[in-house]
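There are 4 protein chains.
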Amino acid sequence: MRIGVLTSGGDCPGLNAVIRSVVHRAVVDHGDEVIGFHDGWKGLLEGDYRKLDLDAVGGILALGGTILGSTRVQPTRLRDGVERAKGHVAELGLDAIIPIGGEGTLKAARLLSDAGLPIVGVPKTIDNDIASTDVTFGFDTAVGVATEALDRLKTTAESHQRVLIVEVMGRHTGWIALHSGMAAGAHAIVVPERPFDIDELTKVVGARFEAGKKFAIVVVAEGAKPREGTMAFEAGGTDVYGHERFAGVARQLSVELERRLEKEARAVILGHVQRGGTPTAYDRVLATRFGWHAVEAVHRGAFGSMTALRGTDITLVPLAQAVEHLKTVPAERYAEAECVL
Amino acid sequence: MRIGVLTSGGDCPGLNAVIRSVVHRAVVDHGDEVIGFHDGWKGLLEGDYRKLDLDAVGGILALGGTILGSTRVQPTRLRDGVERAKGHVAELGLDAIIPIGGEGTLKAARLLSDAGLPIVGVPKTIDNDIASTDVTFGFDTAVGVATEALDRLKTTAESHQRVLIVEVMGRHTGWIALHSGMAAGAHAIVVPERPFDIDELTKVVGARFEAGKKFAIVVVAEGAKPREGTMAFEAGGTDVYGHERFAGVARQLSVELERRLEKEARAVILGHVQRGGTPTAYDRVLATRFGWHAVEAVHRGAFGSMTALRGTDITLVPLAQAVEHLKTVPAERYAEAECVL
Amino acid sequence: MRIGVLTSGGDCPGLNAVIRSVVHRAVVDHGDEVIGFHDGWKGLLEGDYRKLDLDAVGGILALGGTILGSTRVQPTRLRDGVERAKGHVAELGLDAIIPIGGEGTLKAARLLSDAGLPIVGVPKTIDNDIASTDVTFGFDTAVGVATEALDRLKTTAESHQRVLIVEVMGRHTGWIALHSGMAAGAHAIVVPERPFDIDELTKVVGARFEAGKKFAIVVVAEGAKPREGTMAFEAGGTDVYGHERFAGVARQLSVELERRLEKEARAVILGHVQRGGTPTAYDRVLATRFGWHAVEAVHRGAFGSMTALRGTDITLVPLAQAVEHLKTVPAERYAEAECVL
Amino acid sequence: MRIGVLTSGGDCPGLNAVIRSVVHRAVVDHGDEVIGFHDGWKGLLEGDYRKLDLDAVGGILALGGTILGSTRVQPTRLRDGVERAKGHVAELGLDAIIPIGGEGTLKAARLLSDAGLPIVGVPKTIDNDIASTDVTFGFDTAVGVATEALDRLKTTAESHQRVLIVEVMGRHTGWIALHSGMAAGAHAIVVPERPFDIDELTKVVGARFEAGKKFAIVVVAEGAKPREGTMAFEAGGTDVYGHERFAGVARQLSVELERRLEKEARAVILGHVQRGGTPTAYDRVLATRFGWHAVEAVHRGAFGSMTALRGTDITLVPLAQAVEHLKTVPAERYAEAECVL
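Residue numbers (numbering that gives the first Met the number 0), protein chains in the order written: chain A, 0 to 340; chain B, 0 to 340; chain C, 0 to 340; chain D, 0 to 340.
So this is what it looks like as structure tokens:
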């Protein structure tokens, strides 16, 4: 068989592990040919690719980023995107395409699949917000990086008797905030799923100081917002330099908490370090398994599907179902975290 | 309520996170009293304990080891062990005991539970060999430590054109070998579940050199053995100093592979570093959730059970079922690893 | 003898290692008594302290922060600060004070020493800008944290074909930028010692893209400024929320480079993670040696001095000389870095 | 100019950083040509090399091992080695050779230099035993790896109330043992420079248990030996499998201490992980500076010399002086460590 693979959307530790695994399983075990499209769907639309043999994927297992490059181009947003994709698939004699990507990518994959292309998707998001899989690779690495930073920040907050508000990734869901906050023993965790009440948050943090503690760590997901009407808040938009204002919520919270608590408060924005670099062992294993099972699905002709982790098993779910809704932090998971705050 | 907690058996990253979580959930949310027995079951048998309040568990979340100490003493191996345990539970007015431990501990817990004691167990093993839970805390940390070591060893093996045989923990099961080997891209993985054929192993490693590669990494679980009759092998026993011979298999394999391949081969035994030190974020979250749910089980009166992870949920399983059989590496998981070797 | 120790100024990995070393050397080897003042000079001014015995410093060697707390209060800025300090020294019967701190602290130490107090200082700054010692503890940790972040950011920059401008600590000197930039293979390093020419910087970064590279990493010290007249620049001041504008230069550079290069550029501000958490082995050894030698100096009566590293030796330098001038990055060190950019 | 570079002897983190730096400085700044000999001196003797341009050294800065390979072949041990080396230098039109290696390599370099070859050496050893430089790259990484392992082992020793004897690298000198032992707060440090008295060591460790502590960590350099006549000891030689017995001293010590203290004692041998993998930021900076200055020395015609760190400066020392004697741990450095044991 001839299989095309591509990586699309934001960077995510483990992408290279999937690519490597696809090549190993397909080339070595099945005698397939694998090509890699450059820069996500763009490569498919423009017929820009290279052959991937064992040498091409040597030494990339633990490498962050993606050797194939990535863009956010979606074929379904172009007028003739679907036609061009179909054209190149036919021209290149491809028996299957394995796109590795997040929500947007999987939605495009579904449309292409509906249009008749043989597709097996592999989900990818550090945010862990794809509902049909227990977890996605990249998430464990992001949580690990954030936790390590929080471990470091704790001692500096303590020495200086400060409130530190640490902003982690998560525009729509608070998974990274929840897990890193639990893992590092944060004193408050603020997630997009539960608009925060600034009075309540002030009370929680203030209670620590009243109990004689000298510092507090608040973890906040970048997409968190105050409950309507409780606090002036500038959501999103661009900053004074015309850049996307990703740093918004921690900065605004730090000002507000400093004023209310009369304690020094500082914002720390972890940013891109959460999505780059060497994946954890957990993510490498998961990514490798996804790659293996994607090739198996191709050989079984199970198109229109996506690999997913359920318990300890890798299963396939229909692409249609995969992107139906966002996996948000449920109330009971948030409650677990609250007890140890 | 009054709850006693204890840690028993080998060291495992995450024990302190469970203790802390039990105390936070029980004391803060339920208004319970918590005591911690010293040195595992021994503390229960001797009535040796201390009170655990919030201060007692401050700062221990990321700490390796166990603040309560641990021994391998099992109450059920003592003639009057069960009676003494019951006596102290009555005397101390305990409403529940939460033992945190591995297979042996959970078996003892089951017997004590059958004898009428109110017990909710928390499973613990870096080996990941407890069948009724998807995974146990400590495993992710052990795999992480082993993977990091393998990452380091790869470059040194490559520079010196050697075969390195790296022995990781796992007496009865090969989970650490499987996951760290997959994560680090080992070239062969040897597990206790599949007695190895030395001829076959020589062929696999030799094929790498024939293909022009200059080194190979073999990961072997400490409990691995050759297929009967294929190779002289000294299993277990004690070494010349009367110490347990935990280093056996890698050493013997290195001698054999060196002789057969005529390549320099060296054994590296990772040993105790795999079970000590700061737990990964993954293990801290899992351990914290186990502690939380153990307290909930106590309050619901769900005794004779054990916390378990199933997918993304923490559930309870009967202690009887929990220790029925060992979770070994199944053939299909091993097959996934083989493709990328 | 009776020795008082205190930590003053910003957080710095290794402070606890010094405290522990002072206690071990003084108490165990010399039979001294050691007390620790709380919150820096503040504790001395207010007579707020606690006794430090071996138990008090157990387990703190690898701990970030300072068990004694720290503030930026300087006794010499208070009208009666010197007199109050002298008063408490007399009252407590102290034979020596060992203040551990940066430039400001050491200046105060000098004034107190000139006023007759028996002082041996220990230099501390993650910025590495104290001229009379080869290096200070904390610097290696800060460089390590920054380098690890840069390693991670490289893969994400590469996958997304971006320019990342990474701001590291260093208000007056560029040591952290220089070392982390060299260690991580940054493509441009911008330090306060050399006001940057935006045209030149654009050319350097642009040349990479012309050579076919797909990304660039620029490391910039927070105190870096453009050469006068070459670019509109808002130095320091406060941001729109009334907070100190520590994030200034990277943000402004990213806007400017994006506009000029027509490539996506993003700012990442590493912030406080650089000064918290577990110190590297290097910093723990240096801090331990500083503590040991400070006690020796006290016993030799070598007051008015500061410990310093010269080559592999710990020596003493007069406090007067210690704070004479800032150690800036010299042209020849910058040149070494340039070649590998 | 035309420059040849080679790496010889044992693996050492930072080798690739030197190679990269030589190429950057020579090719970019001086317009030189650089070739790399394969597998150490062997490549020079056999004329086996490849051209090294910027692309050839892309992405290797943080990579462990050496892209050129390494063997322990010494040209001066072959009958016609010097002549063959001279022959290839002439044939290839080389203006200089930069060998990167340890004691043996530098001795060979000296002899080749005496025989008229234009050589600038770069010292390399994780053991830090080259007298004419403050420190060598690789040492900081080895100490860091050992310290991290000790940090982990401490918690497991504590939980199990054990004595752990941890063997680190250092056949002739105890630098790694000294620094990692100080950094991790070991309770005894045993180095080759001071043959140990088993009675004394037993007393030191025993005193901890008498003082109520529950565990002890002993760090021992692989080359440590007992004071003559104090303990039966099998030095070096080969083990029962015909392999070099590098694990000797820790195993023997653990048996002896267990017997004498009546406490469980276990040996852990860290082994090759200490010399592989990603170098620390410190080692990357030092290695990069060595490479830069080696090229400068070549251009100044300063042959027969070796780069060295003195304080914060890179200087040149004559090869003759460089290898005169081993840098051992002096009594005063050992004394510093003792106080905190």
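Glycine included, every Cβ here is placed at the ideal spot set by N, Cα and C.
Thinking C-alpha only, which one of the options is nearest residue i?
i               : options                           : result
Q320 of chain D : D:A183, D:T132, D:R299 and D:V142 : D:T132
T75 of chain D  : D:Y281, D:G137, D:A107 and D:D52  : D:A107
H292 of chain C : C:D10, C:P122 and C:G39           : C:P122
I99 of chain D  : D:V254, D:E323 and D:G8           : D:G8
D54 of chain A  : A:H23, A:W174, A:E331 and A:G247  : A:H23
F232 of chain A : A:E221, A:G247 and A:V219         : A:G247
F302 of chain B : B:V119, B:K262, B:A25 and B:R71   : B:V119
E337 of chain B : B:G115, B:A176 and B:L315         : B:A176
A61 of chain B  : A:L149, A:R19 and A:R226          : A:L149
S304 of chain B : B:L315, B:E295, B:V294 and B:H298 : B:L315
H87 of chain B  : B:G3, B:I66 and B:E209            : B:G3
R170 of chain D : D:G222, D:L116, D:Y48 and D:F214  : D:G222
G39 of chain C  : C:T65, C:R83 and C:G270           : C:T65
K326 of chain A : A:D113, A:L111 and A:D128         : A:D128
R19 of chain A  : A:M181, A:H178 and A:L67          : A:L67
H29 of chain D  : D:R299, D:A16, D:D312 and D:V328  : D:R299
V17 of chain D  : D:T135, D:K224 and D:H178         : D:T135
G63 of chain C  : C:L318, C:H271 and C:S158         : C:H271
Would you list the one or two residues that DSSP bridges to residue i?
i               : result
K50 of chain A  : A:I34
D312 of chain A : A:R309
S304 of chain B : B:V119 and B:P317
R283 of chain C : R283 of chain C is not bridged to any residue.
E166 of chain C : C:V219 and C:I268
F289 of chain C : Its beta-bridge partners do not exist; DSSP assigns none.
P225 of chain B : B:F195
A95 of chain B  : B:I2
Looking at chain A, is there any beta carbon in it that lies within less than 8 Å of the beta carbon of residue i?
i               : result
T104 of chain B : no
A207 of chain C : Just to set this straight, residue 207 of chain C is Arg in the shown sequence, not Ala. It does not; no Cβ of chain A falls within 8 Å.
E157 of chain C : yes
G222 of chain B : no
R244 of chain C : Its pLDDT being 46, under 50, R244 of chain C is placed unreliably by the model, and the measurement read from it follows with that caveat. No, no contact with chain A.
G270 of chain C : yes
With a threshold of 8 Å between beta carbons, is residue i in contact with chain D?
i               : result
T229 of chain C : no
G68 of chain B  : yes
S304 of chain C : no
Shorter than 8 Å from the beta carbon of residue i to some beta carbon of chain B?
i               : result
R299 of chain A : no
E166 of chain D : no
L60 of chain D  : no
T279 of chain D : no
So, does the CB of residue i fall closer than 8 Å to a CB anywhere in chain C?
i               : result
T154 of chain A : yes
T146 of chain D : yes
R49 of chain A  : no
- Any chance you could list the beta strand (DSSP E) runs of at least 3 consecutive residues sitting entirely within the segment 19 to 48 of chain D, in chain order? When DSSP assignments are scanned along the segment 19 to 48 of chain D, the uninterrupted stretches of beta strand (DSSP E) that are 3 or more residues long and fall wholly within it turn out to be 32 to 36.
- Message: Under 8 Å, with one C-beta from each stretch per pair, do the segment 306 to 314 of chain A and the segment 278 to 293 of chain A reach the 3-pair mark?
- Response: yes
- Query: So, do the segment 30 to 39 of chain B and the segment 194 to 204 of chain A have three or more beta carbon pairs nearer to each other than 8 Å?
  - Reply: no
- Query: Is the segment 251 to 258 of chain C touching the segment 144 to 153 of chain C in the sense that three or more CB pairs, one from each, lie closer than 8 Å?
  - Reply: Not touching, per the Cβ criterion.
- Item | Touching by the beta-carbon criterion (3+ pairs, under 8 Å), the segment 37 to 47 of chain C and the segment 179 to 191 of chain A | no
- Quick one: complete alpha helix (DSSP H) runs, 4+ long, within the segment 97 to 152 of chain A? 102 to 113
- Message: I want to know whether the segment 134 to 143 of chain D touches the segment 274 to 281 of chain D - three or more CB-CB distances under 8 Å.
- Response: yes
- Message: Across the segment 260 to 274 of chain A and the segment 154 to 174 of chain A, are there enough close Cβ pairs to call them in contact, namely three or more that are closer than 8 Å?
- Response: yes
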